[in-house]
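So the sequence shown is numbered by this note's numbering: it starts at 9 and just counts up by one. Data first, discussion second: the structure below is written as structure tokens.
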Amino acid sequence: MTNVLFWFDVEDYLTPESDDALLGLLQCFEKHGAQATWKVVTQKARVLEERGRDDVIRALQRQDIGYHTDNHSQHPVLAEYLAEAGWDDGVEEIMRRERAGYEDLVRILGPASTFGQAGGSWAPQIYPFLRDAGIPLFMDEAGHIGLDGGPFWYCNVPHINRMEKRSTRMEFDQGEEGLAAGIDKFDAIHRGVVEDGDGLISIYYHPCEFATTAFWDGVNFSRGRQPPLAEWKPAPLRGAAQMATALDLFDRYLAHIVAQPDVEILTGRQILNLLPDAAAERVFSIAELAELLTFSTGAIEHRFVDAETVLAPSELFALVVEALLQILMTVAEQDSEAPLDLEQMHVLVEQDTPLGPVRRQATTVSPSSSIPTDMLLESAADARQYLGHHGRMPDCLWLGAQAISPADFLVTASAMLQKLASVSRSRAVTLPTSVAIKTGQLASERFVGEDVWNWPIFEENFDAPAIMELARLQTWTLKPALLLSAAG
């Protein structure tokens, strides 16, 4: 089965004609008995109320609603006010600025299944807000973070983002040729999905595109401009005849897709049912866990357990911490010479994936030096408390007065567990007295984009390296989101 996601960024609250384009698109979906996900800027929803567009509001309420921020492009946009923020203060600032807007959206249109950023304005501190608000899915086509063109988990939220070769659209500006080319492109992607067995296709538009020849926010807020309210102006219009032609072309494009026998159009809320996290509450013996902990080059990224289950790096970290804590408790209850049965010692994957650290802290222990095993176990006990208190990995672990980075800790501890597990296949094992420090690197960081601040709403040469550093640190949480149909 090929699952197709149509989603629309509903955002132009300055051009009344965009309301008619929105209604026309909604009517297309109702005509064909389909639903899309409509990510609505709250100010747009308020303006629909003010203009008395109950027809549009009622039609939206029959579809799937997403949240597209409170006001989208008014400065400061999210990435601007978070450019110098840390993690905790950034999360609090998003809560302050976005909570009331989301509550208004719920009042007008109902709860959202989905969030999508405003243009190129993104920061990883958004995810605690989504979790707090009960918005379960991120859906966009932004360049900040992706994973091989497929769905993925990041910061405890499933993502349909950067679908690359499986993201498409019909260019209605090109008339009949655009329609024919759009259908051909969809059919080609569809054939590829069928050859792969199943998968997703992402198709997105802005309703205002059908009514205007330029984006409303570019007209008013480009390059950091924030004119007085009295000077805000609507976008230049296509004209009624052009808009009608564009809507007709889209209607025919949608009709073609709906008519395909093995295609199902799903909303963001529906796709969530196909993206379960099979790792949650999975139990492993420490011996089983050790088999997943090969880091021969020191590179750390997600690990597949089987066709249905994949673990994020932060989940591996938490499991290793728990395994060491169990070993510490066993040794304390018995004695340091007591044999360890790793087959009978078990660890559990928590329901929520731990977030990554929020600062990069280097190891201060000399590379390739050795430390007492007791010191490694004690650092794991401290890390376990930190995980439980903060819901995220520590920036470093402490070996007395010396620091060890989470990556170096994971590779070092994993090597010890693997050695214990290897020996335990033939006999009971006891702890070594010391452990050699090894070096690790979070390879998942490569999935964070570069040169991502080119949205024309930003000031010229806008940059936010602190945001991207936090984004890289949070790739400890990155792993594929496996489609239920593909998993089994």
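Idealized CB from N, CA, C, for every residue including glycine. If you're wondering where the values come from, they're calculated on a predicted model, not measured in any experiment.
Neighbourhood of residue i by C-beta distance below 8 Å, restricted to the same chain and skipping five residues each side
i    : result
R231 : P464, I465, F466, E467 and E468
H500 : One cannot answer for residue 500 here, as it falls past the ends of the chain, which runs 9 to 496.
M383 : L407 and G408
Q82  : F229 and Q234
Rounded straight-line distance, which links the Cα of residue j to that of residue i
i    : j    : result
Q352 : G205 : 39 Å
A67  : A421 : 56 Å
L33  : R454 : 38 Å
P119 : D140 : 13 Å
A150 : G94  : 22 Å
D416 : E386 : 16 Å
E316 : Q234 : 49 Å
F223 : S293 : 56 Å
Q70  : F14  : Looking at the sequence shown, residue 70 is not Gln but Arg. Straight-line Cα distance between these residues: approximately 15 Å.
I379 : L439 : 13 Å
L117 : I73  : 7 Å
V165 : V318 : 15 Å
A252 : T221 : 14 Å
A495 : S304 : Residue placement at A495 is poorly supported in this model, since its pLDDT is 44, which falls under 50; the coordinates are not used for a value here.
P362 : P488 : 16 Å
D225 : R104 : 23 Å
D63  : E57  : 10 Å
H398 : S413 : 17 Å
I279 : Q250 : 34 Å
F470 : Q342 : 59 Å
F160 : E272 : 21 Å
E100 : T441 : 45 Å
Q482 : Y162 : 7 Å
A287 : L486 : 13 Å
F37  : E172 : 25 Å
G41  : D270 : 16 Å
Neighbourhood of residue i by C-beta, 7 Å cutoff - its chain only, sequence neighbours within 5 removed
i    : result
P321 : I308, E309, H310, L450, S452 and W484
A295 : L350, E351, A429 and S432
P215 : F16, V18, S26, A29, L30 and L33
I475 : A87, L90, A91 and A131
V227 : K241 and A243
Y213 : F16 and R177
Selected residue, minimal CA-CA separation from residue i, among the options
i    : options                   : result
R400 : A391, Q125 and P284       : A391
Q359 : A389, L478, T338 and E323 : E323
A196 : P159, T122 and I209       : I209
V201 : K52, G158, D285 and A388  : G158
F258 : I475, P244, Q182 and T305 : Q182
R246 : E203, A254 and L348       : A254
L425 : G457, A331 and A340       : A331
E106 : S121, G127 and H80        : H80
D96  : G457, R367 and D63        : R367
V49  : Q35, V460 and A108        : A108
R174 : E184, E272 and D156       : D156
A411 : T372, T441, E289 and A267 : T372
G457 : V313, F229, E38 and R170  : R170
I102 : Y135, Q82 and S121        : Y135
F218 : F37, E179 and T302        : E179
D314 : D285, T338, A340 and V339 : D285
G448 : F325, C36, E477 and L418  : L418
L51  : D78, F325 and S374        : Per the sequence shown, the amino acid found at residue 51 is Gln instead of Leu. Nearest option by C-alpha distance: D78.
Neighbourhood of residue i by C-beta, 6 Å cutoff - its chain only, sequence neighbours within 5 removed
i    : result
H198 : T10
F123 : Y75, L138, I143 and F146
R177 : I211
P402 : A391 and Y394
L300 : R311
Check whether residue i and residue j have beta carbons under 8 Å apart
i    : j    : result
A53  : L113 : yes
I211 : A479 : no
L491 : L356 : no
V329 : L237 : no
S376 : A423 : no
A370 : L336 : no
D148 : Q133 : no
R59  : P24  : yes
L348 : V437 : yes
G128 : W461 : yes
Y21  : V55  : yes
K446 : G306 : yes
L187 : R115 : no
L297 : L327 : yes
Any non-hydrogen atom of the ligand COA closer than 7 Å to residue i Cβ
i    : result
R368 : Questions concerning the ligand COA fall outside what the structure shown contains, since it holds no ligand whatsoever.
Quiz item: Enumerated in chain order, which unbroken segments of the alpha helix (DSSP H) with a length of 4 residues or greater are wholly contained in the region 250-323?
Solution: You should have 276-280 and 294-299.
Practice problem: Only counting runs of 3 or more residues, tell me where the beta strand (DSSP E) segments fall wholly within the region 393-473, in order along the chain. | Solution: Uninterrupted beta strand (DSSP E) stretches at least 3 residues long and entirely within the region 393-473 occur at 405-407, 410-412 and 442-444, given in chain order.
Quiz item: Can you list the beta strand (DSSP E) stretches of 3 or more residues lying completely in the region 135-192, in chain order?
Solution: The beta strand (DSSP E) runs of length 3 or more contained entirely in the region 135-192 are, from start to end of the chain, 145-147, 160-162 and 165-168.
Quiz item: Which residue spans inside the region 30-90 form an unbroken alpha helix (DSSP H) run of at least 4?
Solution: Within the region 30-90, the complete alpha helix (DSSP H) runs of at least 4 residues are 50-58, 62-69 and 86-89.
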